[in-house]
Amino acid sequence: MSSLELIASLGKIIFFLMVLFSFFLFTVKSEKKMANRIFAIFLLVTALDLSGLFLIGFFMEHPNFRILKTSSTLLQMPLFYFYVLSVCYSDFRIKPKHWLHGALFLLFVLVFKITSISEQSLFYFSIVVEVQYFSYIFAVFHALKRYKTLYLENYSNADRTGYQWLFRITLFFCFAHVFVLLKMGALFLGSEGNLIQVLYIIISLTALFIICWFVLTALYHPQLFTGIKTGLVPVHSILREKETETEKDDETLEAIQKLLHFMENEKPYLDFELTLEKLASHLQMPDRDLSILINHHLGKHFFDFINEYRIDKAKEILENPDNRKLTILEIIYQVGFNSKSSFYTAFKKITHQTPKAYRKAALSQ
Numbered sequence: 001m002s003s004l005e006l007i008a009s010l011g012k013i014i015f016f017l018m019v020l021f022s023f024f025l026f027t028v029k030s031e032k033k034m035a036n037r038i039f040a041i042f043l044l045v046t047a048l049d050l051s052g053l054f055l056i057g058f059f060m061e062h063p064n065f066r067i068l069k070t071s072s073t074l075l076q077m078p079l080f081y082f083y084v085l086s087v088c089y090s091d092f093r094i095k096p097k098h099w100l101h102g103a104l105f106l107l108f109v110l111v112f113k114i115t116s117i118s119e120q121s122l123f124y125f126s127i128v129v130e131v132q133y134f135s136y137i138f139a140v141f142h143a144l145k146r147y148k149t150l151y152l153e154n155y156s157n158a159d160r161t162g163y164q165w166l167f168r169i170t171l172f173f174c175f176a177h178v179f180v181l182l183k184m185g186a187l188f189l190g191s192e193g194n195l196i197q198v199l200y201i202i203i204s205l206t207a208l209f210i211i212c213w214f215v216l217t218a219l220y221h222p223q224l225f226t227g228i229k230t231g232l233v234p235v236h237s238i239l240r241e242k243e244t245e246t247e248k249d250d251e252t253l254e255a256i257q258k259l260l261h262f263m264e265n266e267k268p269y270l271d272f273e274l275t276l277e278k279l280a281s282h283l284q285m286p287d288r289d290l291s292i293l294i295n296h297h298l299g300k301h302f303f304d305f306i307n308e309y310r311i312d313k314a315k316e317i318l319e320n321p322d323n324r325k326l327t328i329l330e331i332i333y334q335v336g337f338n339s340k341s342s343f344y345t346a347f348k349k350i351t352h353q354t355p356k357a358y359r360k361a362a363l364s365q
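The sequence shown begins at 1 in full-length UniProt numbering and counts up by one.
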């Protein structure tokens, strides 16, 4: 099998899998309907782009389809960005303003329709594609950073697995794009065909790996993706300048005492679904005021603030000889955690020991 035949075969496999996965995402019953649909459209658009690996003759004979295929590259990164937003924010919806992200696609469809696709126009098009690519990569990283901040400030069981997975796959997208840049450089410098064909094979295999990894992870590990509300705002954005410069006044100190008293006596941290919004409701104070109180005046993320109480409760249980028969897993759920990994991470962060080692040391005294 020649290199060209291998590229065409890989292209057909990738195209088939993408169409198959997109059909499945459109039809599968899931709480993440918006995210699934956006990613399904992303797969279809990417499949259209990669169809050029085995439908070169067809696109050369049908210029209108070639224009559509070429221009569709400008839809891939906006769709990936929307997918990240739909995973991060449970109430994310496509609004009229989001359609503006398709302006470049429509512009180049019009330009190619008027001027036709030439080497010169493709050169300028490739520059626009690269600028757009890195702009959206930056936007994705910014969205993930904001998501992480908001989660830590508003949720007590902030499992970072989903964030880490999205962060890693975005990094992998960046790494994979290096081969696309190498291919463009090789074409621009007029390198020999063998090198370009090898790069096409690497790009095809990388695309196949990414899509399979992406879709299978999303399907088999839906717990990775716990969305937050779009209306949440980071504390640093809502703090007024005077609040950051002045000392705690009597009203603030009173609110802190009320919060700490409630935490000690009512033990709301035992609720594994506790959020800042729910705690604010118990205390009968606005969400934003409580957020400023904890994240700014106490200098802690809501996540850390709640988990300190949970870990203190876990330490109390572990130190009691009467609780020898309790397993670590039982203790995890008793103190308000719903994730073993989150508990171990928080426990080790605070005590610098594993729960097992802490229990052994406490009971040996």
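Built from N, CA and C at the ideal position, the CB exists for glycine as well.
Proximity of residue 102 and residue 53 at Cβ, strictly below 8 Å: One-based indexing of the sequence shown puts residue 102 at position 102. One-based indexing of the sequence shown puts residue 53 at position 53. Going by C-beta atoms, residue 102 is not nearer than 8 Å to residue 53.
Range covered by the alpha helix (DSSP H) that runs through residue 19: Working through the sequence shown from its first residue, we reach residue 19 at position 19. Run containing residue 19: 3 to 27, per the alpha helix (DSSP H) assignment.
Beta-carbon proximity list for residue 210, same chain, < 8 Å, skipping 5 on both sides: Taking the first residue of the sequence shown as position 1, residue 210 is located at position 210. Correct list, in chain order: 169, 172, 173 and 176.
Buried versus exposed, by CB contacts within 10 Å (16 or more), residue 346: Walking along the sequence shown from the start, residue 346 turns up at place 346. Taking all protein chains shown into account, residue 346 has 16 or more neighbouring C-beta atoms within 10 Å of its C-beta and is therefore buried.
Three-state secondary structure assigned by DSSP to residue 275: What you label residue 275 is simply residue 275 of the sequence shown in a count that begins at 1. Strand.
Minimum C-alpha distance to residue 344 - residue among 206, 63, 74 and 315: The residue given as residue 344 occupies position 344 in the sequence shown. The shortest Cα separation from residue 344 among 206, 63, 74 and 315 belongs to 315.
Of the residues 268, 353, 295 and 153, the one placed nearest residue 375, counting alpha carbons only: A query on residue 375 cannot be resolved here, the shown segment of the chain reaching from 1 to 365 and no further.
Assumed close pair residue 79, residue 109 - CB separation to whole angstroms, cut-off 8 Å: As a working mapping, residue 79 is identified with position 79 in the sequence shown. As a working mapping, residue 109 is identified with position 109 in the sequence shown. Residue 79 to residue 109, Cβ: 16 Å. No contact.
Residue 284 versus residue 350 - alpha carbon distance: Taking the sequence shown and counting its residues from 1, one reaches residue 284 at position 284. Taking the sequence shown and counting its residues from 1, one reaches residue 350 at position 350. The alpha-carbon atoms of residue 284 and residue 350 are separated by roughly 30 Å.
Unbroken alpha helix (DSSP H) run spanning residue 117, endpoints: Counting from one through the sequence shown, the residue named residue 117 turns up at place 117. Looking at the DSSP string, residue 117 is not in any alpha helix (DSSP H), and its letter there is neither H nor E.
Residue closest to residue 327, alpha-carbon to alpha-carbon, out of 352, 308 and 356: Counted from its first residue, the sequence shown places residue 327 at position 327. Here the closest residue by C-alpha is 356.
8 Å contact criterion, which residue 42 and residue 83 should meet: CB distance rounded: Working through the sequence shown from its first residue, we reach residue 42 at position 42. Working through the sequence shown from its first residue, we reach residue 83 at position 83. Confirmed, about 6 Å.
Cβ neighbours of residue 246 in the same chain (closer than 8 Å, five flanking residues each side left out): Taking the first residue of the sequence shown as position 1, residue 246 is located at position 246. Low local confidence applies: a pLDDT of 47 at residue 246 is under 50, so the model's placement there is unreliable, and no value is given.
Min CB distance residue 125 to chain C below 8 Å: The chain labelled as chain C is not found in the depicted structure, where only one protein chain is given.
Alpha-carbon to alpha-carbon, residue 296 and residue 287: Looking up residue 287 in the sequence shown gives position 287. Looking up residue 296 in the sequence shown gives position 296. Between residue 287 and residue 296, the C-alpha separation is close to 13 Å.
Residues bridged to residue 367 (per DSSP): Limits of the chain in this structure are 1 at one end and 365 at the other, which puts residue 367 out of reach.
Same chain, Cβ closer than 7 Å to residue 300, neighbours up to 5 away in sequence not counted: Counting from one through the sequence shown, the residue named residue 300 turns up at place 300. Only 294 meet the Cβ criterion.
N-terminal and C-terminal residue of the alpha helix (DSSP H) that residue 321 is part of: Residue mapping note: residue 321 aligns to position 321 of the sequence shown, counting from 1. Note, residue 321: premise wrong, no alpha helix (DSSP H); not H, not E.
Spatial distance of residue 279 from residue 99 (CA atoms): Residue numbering aside, residue 279 sits at position 279 when the sequence shown is read from its first letter. Residue numbering aside, residue 99 sits at position 99 when the sequence shown is read from its first letter. Rounded to the nearest angstrom, the two C-alpha atoms are 37 Å apart.
Residue 336 burial status per 10 Å Cβ neighbour count (16 or more: buried): Walking along the sequence shown from the start, residue 336 turns up at place 336. Residue environment analysis places residue 336 among the buried positions, since at least 16 neighbouring C-beta atoms fall within 10 angstroms of its C-beta.
Runs of alpha helix (DSSP H) wholly within the stretch 49 to 93 (minimum 4 residues, chain order): 56 to 61, 63 to 71 and 73 to 88
DSSP beta-bridge partners of residue 155: On the sequence shown, position 155 is the one that residue 155 refers to. In DSSP, residue 155 forms a bridge with 275.
Contact between the stretch 60 to 77 and the stretch 112 to 122 (3+ Cβ pairs under 8 Å): As far as the Cβ criterion goes, the stretch 60 to 77 touches the stretch 112 to 122, which means the pair count is three or higher.
Residue 197 vs residue 3 beta-carbon contact at 8 Å: The residue labelled residue 197 in the question sits at position 197 within the sequence shown. The residue labelled residue 3 in the question sits at position 3 within the sequence shown. Cβ distance < 8 Å, so residue 197 and residue 3 count as in contact.
Spatial neighbours of residue 179 in its chain, beta-carbon cut-off 8 Å, leaving aside the 5 residues before and after: Here residue 179 refers to the residue found at position 179 when the sequence shown is read from its first residue. Closer than 8 Å at the Cβ level, and outside the excluded window around residue 179, lie 199, 202, 203 and 206.
Exposure of residue 13, with buried meaning 16 or more beta-carbon neighbours within 10 Å: As a position in the sequence shown, residue 13 is number 13, starting the count at 1. Exposed, because fewer than 16 other Cβ atoms sit within 10 Å of the Cβ of residue 13.
Start-to-end residues for the alpha helix (DSSP H) that takes in residue 257: Translated into the one-based positions of the sequence shown, residue 257 becomes position 257. Taken as a continuous stretch (DSSP letters only), the alpha helix (DSSP H) holding residue 257 covers 250 to 266.
Collapsed DSSP secondary structure at residue 32 in the structure displayed: As a first step, residue 32 must be located in the sequence shown, where it is residue number 32. Of the three classes helix, strand and coil, the one that applies to residue 32 here is coil, per DSSP.
Host alpha helix (DSSP H) of residue 348 (start-end): For the purposes of this step, residue 348 is taken as residue 348 along the sequence shown, with counting starting at 1. Residue 348 -> alpha helix (DSSP H) spans 340 to 351.
Whole-number beta carbon distance between residue 291 and residue 276, since they are thought to touch under 8 Å: As a first step, residue 276 is located in the sequence shown; it is residue number 276 there, counting from the start. As a first step, residue 291 is located in the sequence shown; it is residue number 291 there, counting from the start. The pair is a contact, with the Cβ atoms about 6 Å apart (cut-off 8 Å).
Presumed contact (8 Å Cβ cut-off) between residue 44 and residue 18, rounded CB distance: Mapped onto the sequence shown, residue 44 falls at position 44. Mapped onto the sequence shown, residue 18 falls at position 18. Going by Cβ atoms, the distance from residue 44 to residue 18 rounds to 7 Å, so yes, they are a contact pair.
Start-to-end residues for the alpha helix (DSSP H) that takes in residue 364: Start at 1 with the first residue of the sequence shown, and residue 364 comes out as number 364. From DSSP, residue 364 is part of no alpha helix (DSSP H); its letter is neither H nor E.
Cβ-based neighbour list, residue 306, same chain, cut-off 7 Å, excluding 5 preceding and 5 following: Position 306 of the sequence shown, counted from the start, is the residue given in the question as residue 306. The residues are 156, 269 and 274.
Spatially closest choice to residue 131 from 77, 263, 47 and 252, by CA coordinates: The count along the sequence shown starts at 1 and reaches residue 131 at position 131. Residue 131 has its Cα closest to that of 77, out of 77, 263, 47 and 252.
First and last residue of the uninterrupted alpha helix (DSSP H) at residue 333: For the purposes of this step, residue 333 is identified with residue 333 of the sequence shown, where counting begins at 1. Unbroken alpha helix (DSSP H) run through residue 333: 328 to 334.
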